[in-house]
Structure formats: structure tokens, C-alpha cells
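Contents: one structure, followed by commentary.
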Ligand code: MLT
């Protein structure tokens with residue numbers, strides 16, 4: 065009988081080792097065929113996926129041999145955690161392995177917005193040499209407003225501070241004097257203050273019932289007309305139509321969207337906007353992050369399949385229905 069089903073493009077030395085030790089099926093496009101996935105999931109003891117495979121209650125219920133879901137990443141929005149809990153299946157994840165790569169990308173986006181880098185690149189490749197058009201601003205001395213001050217938000221703050229920015233953050237789950245805030249010299253404050261005072265607002269929140277559609281017309285209306293908006297968390301926390309309208313009406317200066325409501329993203333009004341940078345959800349797509357992610361998730365899946373325990377898990381360390 066097969067052991068492990070991999071439904072997205074997850075590769076690396078640790079994955080090669082997993083293939084040697086267990087009967088693995090590598091089906092990197094299967095996330096696009098949910099009916100086919102549903103039909104075969106019952107054969108497997110482990111499922112490994114990124115954020116594109118929809119791991120629904122129906123899929124989990126059909127996984128009658130499933131012991132572990134290995135989520136190669138950190139977001140849980142594509143996993144029905146309640147269903148996994150009910151069926152006693154471990155949900156292993158990689159909570160820290162992406163952090164630095166995403167934070168570095170946010171710094172890159174800050175600078176790209178401030179210096180209009182992606183537009184300047186397109187313009188120069190089109191044969192122009194228009195220096196006045198690409199008059200930008202420094203990020204040093206500006207205020208970065210961070211919404212969600214977990215691992216990625218606080219790591220971004222540390223890097224931004226090193227570049228001379230002031231950092232403020234909103235996180236209703238943290239105390240104002242928490243270690244993360246003290247270490248990064250970041251003042252925790254209200255969402256209203258973050259939105260009304262920051263020169264850049266960056267989101268680092270999960271998508272769930274509480275946050276879905278959290279950024280709409282009212283939130284963009286509070287931002288300064290000179291401010292920029294960066295989303296590298298989850299597309300579903302932003303009302304994209306409201307963001308497009310805020311940009312069209314110059315209520316904010318620009319945006320960088322690394323994640324989208326629907327992925328892959330369909331053509332949209334953002335495509336024609338010079339002040340919007342769009343990326344295909346690549347925050348964690350670095351050699352280093354992927355090495356760490358794949359190593360950690362393969363280690364935990366292998367441990368469960370051998371009767372052991374996961375080190376990083378969203379619910380419990382070993383299957384509940386194990387004798
Ligand atoms: C994550 O949740 O870890 C990131 O969005 C990257 C991913 O899922 O591939």
C-alpha cells in the first residue's frame with residue numbers, strides 16, 4: 065500500500081530521502097483536480113501539501129488511513145483543522161522556516177515601492193532613459209505600520225529598524241510590553257493609529273473568520289494619500305475591489321500584492337496600474353526557506369509514519385486514533 069501523497073511541487077534532498085524510505089506518490093498538479101484527489105486519498109497514510117491543495121472536511125473524511133497532513137508552510141487557511149481534530153489526524157506545519165524569506169521580501173517591496181523599481185525596469189527595457197520620472201523617496205525616517213506582530217511581522221520590524229524606519233504595530237493578541245515589541249523597539253498601538261500614521265502598511269495576519277475581508281474602503285480611507293499598502297499574508301483579508309478603488313481615486317499612493325483573493329490571480333484592474341506591484345505568492349520561494357520547510361515537514365511526516373511524534377504541529381503531536 066502507498067504511504068505518502070504529495071499534491072504540490074515539493075522537492076529537495078529531504079523529499080528524496082522520504083521517497084527512499086516510504087512509498088510516495090509525487091503528483092504536483094493534483095491540487096488542481098480535487099475530485100481525483102478525493103478518489104485516491106483513502107489509500108494514503110500521509111498527505112503533504114502547500115497552500116493550494118484544499119484540504120476540506122470531505123477530503124479528510126475520505127482519508128480513512130490518514131495519520132498526518134504535512135502542511136509545507138505556515139498558513140492554515142486551506143486546511144479544515146476542526147475536521148482534522150475530529151478525525152484524530154496530526155496537522156504538521158513549518159511555523160518558522162519561511163519567516164526570514166518573507167520578511168526580506170517585504171523589505172524588498174518597501175524599497176521597490178519607494179523607488180518605483182518595477183516601473184523603472186519596464187520603462188528602461190522599453191528603450192527610455194527617464195530619470196526625472198523615477199524620482200523616489202528614502203524609506204529611512206519613514207514609519208512602517210505592521211498589522212499582525214507574529215514571527216514574520218516582528219522579523220520585518222527588526223529589519224526595517226536597521227534601515228532607519230520607525231515601526232508601529234497592531235496585534236490584538238499581544239501585550240504592549242511583549243518581548244517581540246521590546247526587542248524590535250516597536251510600539252504596539254491601535255489599528256486606527258497604524259492606518260492613519262504609517263507611510264507603509266504591511267499585513268502579517270492569517271486568513272480566518274475574524275480577518276476575512278478586514279481591509280476595505282473604510283480602512284483605505286484612513287490611510288494617508290502618500291501611504292503604500294503591502295500584502296504578503298493572505299489575499300482574502302483584503303477586499304480587492306475596495307483597494308482598486310482607493311488606488312484609482314488616489315486615496316493611497318500604491319500597493320504591493322504578493323498574495324491574492326484568488327490564486328492563480330485572474331486578470332484585474334491592477335494589471336494596468338503603474339503604482340501596483342504584483343507577485344505570484346513567492347514570499348517563501350527561496351532556496352533557503354524551501355530547504356528548511358521541506359526538511360522539517362519530511363522529518364515530521366516520517367516520524368509519524370514510524371510511530372513517533374511531530375515536532376511542529378497545529379493540533380497534536382501524534383494521531384489520536386493510534387493504538
Ligand atoms: C505559507 O503559508 O507558508 C506561505 O504562504 C507559503 C506557502 O504556503 O507555500
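Residue numbers (the working numbering): 65 to 387. Each residue gets a CB set at the ideal place from its N, CA and C atoms; glycine is no exception.
Helix, strand or coil at residue 169 [DSSP, three-state]: helix
Of the listed residues 108, 374, 311, nearest to residue 87 (C-alpha basis): 108
Same chain, Cβ closer than 7 Å to residue 228, neighbours up to 5 away in sequence not counted: 204, 205
Given 8 Å, three or more beta-carbon pairs between the segment 143-159 and the segment 370-382: yes
Contiguous alpha helix (DSSP H) assignments of at least 4 residues, all confined to the segment 200-269: 215-226, 243-247, 255-261
Three-state secondary structure (DSSP) of residue 303: coil
Supposed close pair residue 264, residue 292 - CB separation, criterion 8 Å: 5 Å
CA nearest to the CA of residue 269, picked from 302, 251, 208, 72: 302
Host beta strand (DSSP E) of residue 369 (start-end): No beta strand (DSSP E) holds residue 369; the alpha helix (DSSP H) holding it covers 351-369.
Heavy atom of the ligand MLT within 7 Å of residue 115 beta-carbon: yes
Neighbourhood of residue 281 by C-beta distance below 6 Å, restricted to the same chain and skipping five residues each side: 306
With 16 other Cβ atoms within 10 Å as the buried cut-off, status of residue 189: exposed
Residues near residue 90 in its chain [Cβ-Cβ closer than 7 Å; skip 5 each side]: 70
Sequence-distant residues of its chain with Cβ nearer than 7 Å to residue 338 (five each side left out): 183
Residue 376: CB within 7 Å of a non-hydrogen atom of the ligand MLT: no
Near the ligand MLT: residue 268 beta-carbon under 7 Å from a heavy atom: no
Residue 104 - DSSP class collapsed to helix/strand/coil: helix
The alpha helix (DSSP H) enclosing residue 123, as first and last residue numbers: 121-126
Same chain, Cβ closer than 6 Å to residue 360, neighbours up to 5 away in sequence not counted: 158, 161
Of the listed residues 348, 367, 362, nearest to residue 163 (C-alpha basis): 348
Which listed residue (254, 316, 296, 115) has its alpha carbon closest to that of residue 322: 296
8 Å Cβ cutoff met for residue 130 and residue 111: yes
Residue 385 Cβ short of 7 Å to the ligand FAD heavy atom set: Among the ligands modelled here, namely the ligand MLT, the ligand FAD does not occur.
Paired residues, beta bridge with residue 275 - DSSP: Note: residue 275 sits in no beta bridge, so no partner.
Residue 92 versus residue 366: straight-line alpha-carbon distance, rounded: 19 Å
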